[in-house]
Amino acid sequence: MTCQDNNKVLNGVLIEMAHSFLQYVAESSPWVSTKQVGLAERVEGLAAAQRQDVGEIANLLTSREFAVDFGTFPTEYTDLQFLSLSRLIGLICSGQDRICRTIENGVTSLQTAGDIDAAELLDSILAHERELGSAFEELARELTSPVAAS
Numbered sequence: 007m008t009c010q011d012n013n014k015v016l017n018g019v020l021i022e023m024a025h026s027f028l029q030y031v032a033e034s035s036p037w038v039s040t041k042q043v044g045l046a047e048r049v050e051g052l053a054a055a056q057r058q059d060v061g062e063i064a065n066l067l068t069s070r071e072f073a074v075d076f077g078t079f080p081t082e083y084t085d086l087q088f089l090s091l092s093r094l095i096g097l098i099c100s101g102q103d104r105i106c107r108t109i110e111n112g113v114t115s116l117q118t119a120g121d122i123d124a125a126e127l128l129d130s131i132l133a134h135e136r137e138l139g140s141a142f143e144e145l146a147r148e149l150t151s152p153v154a155a156s
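The sequence shown: position 142 = 148 (my numbering), numbered continuously.
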């Protein structure tokens with residue numbers, strides 16, 4: 007792969023993360039009961055952590071003088087307005103799994119191409135995104151517990 011191809015791989019990962027279902031939910035403010043406000047705040051914090059990872063990829067691409075494309079949200083998300091966090095959490099978890107697979111594929115491609123800096127960055131981001139995935143699995147358990155449901 008050429009350097010340009012490596013940058014396209016990085017940009018593809020960036021788009022997947024910048025317009026993930028998590029980011030969409032964070033911007034659309036899902037419905038929560040008064041007892042679940044703390045859970046919604048945790049989702050906001052996790053979305054902010056993901057945006058930091060997006061920023062790291064953008065910084066690398068910018069340093070390489072690559073025109074960063076941030077993409078757009080998929081249109082299928084637009085049908086998911088005014089829903090509860092309990093209803094959305096499974097979709098967030100699925101989206102997080104998809105992001106991790108995309109990053110894993112990116113790491114493999116970049117390692118094969120010999121772009122060690124980019125591969126190491128994505129590997130570090132993969133660790134963060136896996137932590138986010140674990141946090142969302144925990145949130146899902148909390149949202150389905152009888153105490154959180156009330």
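C-beta: ideal position from N, C-alpha, C; glycine also.
Since we're looking at a predicted model, the values are computed, not measured.
{"query": "Where does SER90 fall in DSSP's three states?", "result": "strand"}
{"query": "Going by CA-CA distance only, name the one from PHE79, GLN58, LEU66, GLN102 that's closest to CYS9.", "result": "LEU66"}
{"query": "Do the CB positions of LEU16 and GLY77 come within less than 9 Å of each other?", "result": "no"}
{"query": "Once the 5 residues before and after ILE109 are set aside, which same chain residues still bring their CB inside 7 Å of it?", "result": "VAL19, LEU128, ILE131, LEU132, GLU135"}
{"query": "Determine whether the beta carbon atoms of VAL43 and ILE98 lie at a separation below 9 Å.", "result": "no"}
{"query": "Please determine, among LYS41, SER34, ARG147, the residue with the shortest C-alpha to C-alpha distance to GLY1.", "result": "This structure leaves residue 1 out entirely; the chain is present only between 7 and 156."}
{"query": "Which value, in whole angstroms, describes the spacing of the CA atoms of SER92 and GLY101?", "result": "15 Å"}
{"query": "Confirm, please, whether the CB-CB distance from LEU138 to GLN56 is below 9 Å.", "result": "yes"}
{"query": "Near LEU149, which residues of its chain fall below 7 Å by C-beta distance, leaving aside the five closest residues on each side in sequence?", "result": "LEU45, LEU91, SER92, ILE95"}
{"query": "How big is the Cα-Cα spacing for LEU145 and ARG107?", "result": "21 Å"}
{"query": "Where do the N-terminal and C-terminal ends of the alpha helix (DSSP H) with LYS41 fall, by residue?", "result": "Taken as a continuous stretch (DSSP letters only), LYS41 belongs to no alpha helix (DSSP H), as it is neither H nor E."}
{"query": "Please go through the same chain and pick out, in chain order, the residues whose beta-carbon is closer than 6 Å to the beta-carbon of GLN117, but skip the five residues on each side of it.", "result": "ALA125"}
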